[in-house]
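Take 231 as the starting number for the sequence shown in this note's numbering and just add one per residue. All C-beta atoms, glycine included, are put in the ideal place defined by N, C-alpha and C. Right, one structure below, let's go through it.
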Amino acid sequence: MPLNVGQWITFFSLCALFLVFLFYDAFRRGEPYGNIAYIAAIIPSTYIWHSVTLPGNYLYYEPWGTTGAWVILTGLWSIAMLRDIVLVFLKRKDIDDIALWLGIAFIFQLIISAILPIDVILPHMQNSSVLSLNFLWMPDVFSSSTSIIARMLLRIFSTWIVVGLILPMIRDFKGQPVNMFALLVITLLISAPFALISYLWLPEYWYALLSAFAVIFFIFILLLTRGGTQYKKIRPPVKRPSTKPKPEQNQPDIENSSSAKEELPPSE
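Now the structure itself:
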């Protein structure tokens, strides 16, 4: 059966909590807590994951299930990302802080996916989920029973989140001195989230899509930045003649000195 009124009220109340942190700067409290919106988005998505997989509700929401919960999560993250992208271009926020808080929220979500669905806590959350790496219960986005709309929305939201992180970073690298080793590290770090996007869109050829992206990104960032170490020929400094006038040397007065000697009394 569908969710009852009480479950919908609880869900929308948790979404309102997300909106509080999303527009936290509008309260003019002068506190940097707007980034908590990424963590607050986990609460309503986890609640809806728990609710739609209950034995009485699962058959009704089977086409969405766990994938629908992740669609809500990535959708809320996409809204927060859109807010932060605007603030980054207005130079009111740093992209590094956004990546940090989004990474923390993603880690929290992975911890929830590993703990809550286990058999001794909430085993019903395993419905419409697939076990990955022998400990993570993730959405089954390739199942024929999963809604096509849910699968497409999850792919679109996830792609937007990754692109929203990459574009401001590329903008910050423009014209900056970066050596070759740093470029390789940056390419590997940027390729990590793109590997997930590649798997969502082309699970059979994700490695090919990932390798093509990594090579193109490396070439692009190589053209965008400049060398971190520039060797210049060192020349000894050239001494230029001074333009200051030389001080006049005081010449002794010969006549005065000779007269002074004549006036001295003879020594006994």
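Three or more C-beta pairs closer than 8 Å, one from the region 318-328 and one from the region 391-406: is that the case here?
yes
Pair every Cβ in the region 351-367 with every Cβ in the region 379-391, then say whether three or more of these pairs are closer than 8 Å.
no
Taking the alpha carbon of residue 234 as the reference point, which residue from 456, 287, 405 has its own alpha carbon closest?
287
Can you check which of these residues, 428, 446, 438, 425, is closest to residue 172 by C-alpha distance?
The requested residue 172 does not occur in the structure, where the chain is confined to residues 231 to 498.
Residue 426 versus residue 438 - alpha carbon distance
13 Å
Starting from residue 355, follow the beta strand (DSSP E) in both directions and report where the run begins and ends.
Run containing residue 355: none; DSSP gives neither H nor E here.
Is the CB of residue 368 under 8 Å away from at least one CB in chain B?
The structure shown contains no chain B; it is built from a single protein chain.
Less than 8 Å between C-beta atoms, sequence neighbours within five positions excluded: which residues of the same chain meet that for residue 262?
none
For the ligand ZN, is there a heavy atom less than 7 Å away from the beta-carbon of residue 438?
This structure does not include the ligand ZN; it has no bound ligands of any sort.
Quick one: what's got a C-beta closer than 7 Å to residue 314's C-beta in the same chain, skipping five residues either side?
323, 328
Could you say which of 431, 455, 238, 380 lies nearest to residue 416 if we only look at CA atoms?
455
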